[in-house]
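*Asks:* I'd like to ask you about the structure that follows.
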Amino acid sequence: MNLKRKNEVPVDVYIPFVETLFRDGVTLSIGILAQTFLIGLVWWKNGDPRYLVVAIAMVLVGIFRMRNFQKYNSLPSPTTWEEAHKRENDYILYGSMHGLTLGAFCLLGIYFARDDFAEIASVCLTLATATSIAGRNYGSPRMVTILTLALTWPISLGFLLRGDIYHVLLGLLSAPFLFAIRKFANTVRDVLFAAVSEEKKANRLAQRFNRALNTMSHGLVMLGPDGRVAVANAEAAHLMSLKSPDALLGRSIHGLLMRGVAGGMLAPKDCRYIEAQLTRALREGRDRKVLVSLANGQHYEFSAREGSQELGVITFEDVTARVEAEDKIRFMARYDNLTGLPNRAYFHELIGEAMASGDLERLCGLAVLDLDDFKSVNDTLGHPVGDGLIYAVAERLAAVAGPGVTVSRFGGDEFMIFFDRVEDESHLSSQIDEIFIELQGEVDVAGHGLRIQASGGAVLSRVRDTDVDAMIVKADLALHKAKELGKNTWRLFEASMEVAFRNRQLMKADLRTAVESKGLRVVYQPIVAMSTMRIASCEALCRWDHPDLGPISPSIFIPLAEEMGIISEVSTFVLHAACTECAKWPAQTSVSVNLSAKDFRNRDVIEKVRHALASSGLAAGRLEIEVTETALLDDKSLTRQYIEELKRLGVRIALDDFGTGYSSLSYLHKLPLDKIKIDRSFLMDVTQNSRSLELLKGIVNLSRPLGLSVTVEGVETFEQLKILALQVKPDLVQGFLFGSALSASGIETMSSTVWPFAKDIKTARKATHR
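This is the structure we're talking about:
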């Protein structure tokens, strides 16, 4: 193998080869001494001074070579090809001098001296030196070649120069001798090269294995055929609280586990269980995992499997974080995040299991509680305060939970309570009454004093005759009945409630059909101008004539439509019908249409009004949109934006039911209104209560400077009308005094008619002026 080009041998192999040249200076020095002694001995025998010169040269060469050895042995190993190549060149330089000196001695002894002893000494020296050429110099093929030539060519030359046939043949035999030495050196070099390469590969694999083994997040031990640890990694030592993996070697599974027992981390029974499971897995050759909870709160997971070559593998890791996360996920899946009570799904599971076990003839009860007016708490004080109120209620309900009583938060402000064993109806009633008593009182939430008020519904059933879902439905029906009766109370389910519920569901279906088939109709309630006692406008009202039940009150079907989410469809129908009919009326008559809070939740309301005006041809100024305070409360900024866009269409805006909300006055300067409609509640006792009269007058006097016209609703008697005309003086009045709502044709007929009250009002005004 030739090293003239550095790429022929990898650097990491070439450098060790060069280092072998300088490895054994002792034997080299002994060889040089022996060679010098032999040359000196020949000189001593025949006295030829040429041998003395060769001996002196050998001494000098020996000194140079040893100094060269000492120089490089005192330096660190070379790290680059260039450094190693320089050392090889130095070695070849002094080795060549050594070889030439030996060659000179051989040529001198065989040809020039013609001495038998010198000739024998030359041959012996050549043979002795040749045997070491391959073993010492395999790291440098150049050195092998030079030394072989330096030894064999002089002796061959000497034999050839002797001239006789026998010596000539001896001289020619040096060629195969040279070839054999060189071949032997190359073979040694190739063998060593392969060995070094494989060793380096093995070392690299071992380093990778060691790095992979000791950077694992799992602890790992490998057991030999004797069941004791043969291999262990750093993580295993760490988890076992040992300083190094070597401390684990030779230990058995039992010995490892007993460390945990001795440290108080494992109970003896856990130790026996883990050992049995791992031993069984190793014996059967199957993967098996064992989760162990330690006394210090940690959790370890052991895995065992049979490895190759009768080696068993056990891995283990600290899975405390994973177990805690799984526990947290399980808790979150089963319990309410705010209150810590079982959630809807887990409550259903718990009650289902409870009802499926035990005496099926026993009575059980279920109650549902709902906080009254909880939405107003969120709307006025914010959701964090609302959450605080929910938490306070949950604390009080959790206090009644115990054996046979399960409390759950179903969501929002709704709670469920299950009573597993109930003696009779009075027993259930007393339990629920006690719960309501416990709920009473005021709680402080973020500095706000809030009074807890709830409504409830309950059902009592025999376990055999019911299930969880059926009980929840019936308890909900009882809850709705309690809310209808004024809230802050609870009701027990009765069969009539279910009948009413079914009728309500049927009515919902019929209402949906009526809306889809345009089976509703629109009537118009006159709005009369106080100055002329003529119809100035009218309010469009929706009516539903049920095919079987007859006329259904708006107070029934309008809330149903809101509950079903189809109130916007009803509003759209009324809007289009009102615009279409108003376009046929005299120009001085306008129409007013109520839009629901849901209509103002998106921009569709703008397009809805624009389309109604365009399709009917009605002038925008003859349409008035009535906005309720509920719509304003949902989203003030967005509602204001939509109202301003409606105003840009030319539509008039009226605030309906003014005075019934807690902040109605703030709307007078914040919203672009044209009119306010004072709720009928202000007019009910105006003839007997002077405070009501003053309040009405104040509202009118407050509105006029703001450019707002005023309509008073609920006028039912002439006395009320008279007081309004003489003292309050609103712009418009509306009520049953002017008759019930009319059809579109009725409004068209009555639009030019002066109400008979006009003469009486005129007379009363004159009398007042006198």
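Going left to right, the sequence shown walks through residues 7 to 776 as this note's numbering numbers them. Even glycine gets a Cβ: it sits at the ideal position worked out from N, Cα and C. Treat the numbers as computed from the prediction; the structure is a model and nothing was measured.
1. Do the region 390 to 399 and the region 423 to 440 touch if we need at least three Cβ pairs shorter than 8 Å?
2. D252: beta carbon under 6 Å from a heavy atom of the ligand MG?
3. Can you tell which of Y78, L108 and Y97 has the C-alpha that lies nearest to the C-alpha of V65?
4. Excluding five sequence neighbours on each side, which residues of the same chain lie with their C-beta closer than 7 Å to the C-beta of I659?
5. Quick check on the DSSP output: the beta strand (DSSP E) that includes V319 runs from which residue to which?
6. Considering Cα atoms alone, identify which of C370, V479, D379 and D342 is closest to H433.
7. From the DSSP output, in three-state form, read off L748 for me.
8. At the level of alpha carbons, what is the spacing between S146 and E323?
9. Which residues in the same chain have their Cβ closer than 7 Å to the Cβ of S698, if we skip the five residues on either side of it in sequence?
10. Looking only at its chain, what residues have a beta carbon closer than 6 Å to the beta carbon of T636, apart from the 5 residues adjacent to it on each side?
11. Which one or two residues does DSSP pair with G371 in a beta bridge?
12. Given this structure, state the Cα-to-Cα distance separating I767 from K676, to the nearest angstrom.
13. At which residues does the alpha helix (DSSP H) containing D5 begin and terminate?
14. State the beta-bridge partners of Y530 as determined by DSSP.
15. So, is I36 buried or exposed, given that buried needs 16 or more other C-beta atoms within 10 angstroms?
16. Check whether the region 449 to 462 touches the region 358 to 369, taking contact to mean three or more Cβ pairs, one atom from each stretch, closer than 8 Å.
17. Measuring only the C-alpha atoms, how far is E545 from Q531?
18. Which residue marks the beginning of the beta strand (DSSP E) containing E632, and which one marks its end?
19. For C130, count neighbouring Cβ atoms within 10 angstroms of its own Cβ and tell me buried if that reaches 16, exposed if not.
20. If we count Cβ pairs, one from each stretch, closer than 8 Å, do we get three or more for the region 608 to 621 versus the region 576 to 594?
21. Could you tell me whether the region 436 to 454 touches the region 342 to 357, where touching means 3 or more Cβ pairs closer than 8 Å?
22. DSSP three-state label for Q740, please.
23. Going by other Cβ atoms of all chains shown within 10 Å of its Cβ, with 16 needed for buried, is E725 buried or exposed?
24. Given C548, which residues of its chain have a CB within under 7 Å of its CB, disregarding the five upstream and five downstream residues?
25. So, helix, strand or coil for M228, using DSSP?
26. Hey, could you find the ends of the beta strand (DSSP E) D475 is sitting in?
27. One question on the structure: do I126 and I161 come within less than 7 Å of each other, judged by their Cβ atoms?
28. Taking the C-alpha atoms as reference points, what is the distance between T784 and Y78?
29. Can you list, in chain order, the residues of its chain whose CB lies under 7 Å from that of M503, leaving out five sequence neighbours each side?
30. Can you tell me which of G53, L114, L701 and F43 puts its alpha carbon nearest to the alpha carbon of G665?
31. Excluding the 5 residues flanking V267 on each side, which residues of the same chain have their C-beta closer than 7 Å to its C-beta?
32. The beta strand (DSSP E) with A238 in it runs from where to where?
33. What does W496 pair with, by DSSP beta-bridge criteria?
34. Quick one: grab the DSSP three-state call for P160.
35. Alpha carbon to alpha carbon, what distance is there between H104 and N192?
36. I need the straight-line Cα distance from R497 to L344, nearest angstrom please.
*Replies:* Answer, in terms of the structure:
1. no
2. This structure lacks the ligand MG, and indeed carries no ligand of any kind.
3. L108
4. I631, V633, I649, L652, K653, P678, L679 and D680
5. Per DSSP, the continuous beta strand (DSSP E) segment holding V319 begins and ends at G318 to D324.
6. Closest by alpha carbon: C370.
7. strand
8. 53 Å
9. F688, D691 and V692
10. A603
11. F425 and L466
12. Spanning the two alpha carbons is a distance of roughly 36 Å.
13. Outside the displayed range of the chain (7 to 776) lies residue 5, so it cannot be described from this structure.
14. A546 and L748
15. With fewer than 16 other beta carbons inside 10 angstroms of its own, I36 counts as exposed.
16. no
17. 5 Å
18. L629 to V633
19. The Cβ neighbour count for C130, taken over all protein chains shown within 10 Å, is under 16; the residue is labelled exposed.
20. yes
21. No: fewer than three Cβ pairs fall under 8 Å.
22. The answer is strand: DSSP assigns Q740 an E or B state.
23. exposed
24. L526, V528, P560, V576 and V580
25. strand
26. Per DSSP, D475 belongs to no beta strand (DSSP E); it is in the alpha helix (DSSP H), V474 to E490.
27. no
28. Residue 784 cannot be examined here, being either before or after the span of the chain that is shown, 7 to 776.
29. L483, A484 and K487
30. L701
31. P274 and C277
32. V235 to A238
33. Within the DSSP bridge table, the entry for W496 names G462 as partners.
34. helix
35. So the alpha carbons of these two residues sit roughly 21 Å apart.
36. 28 Å
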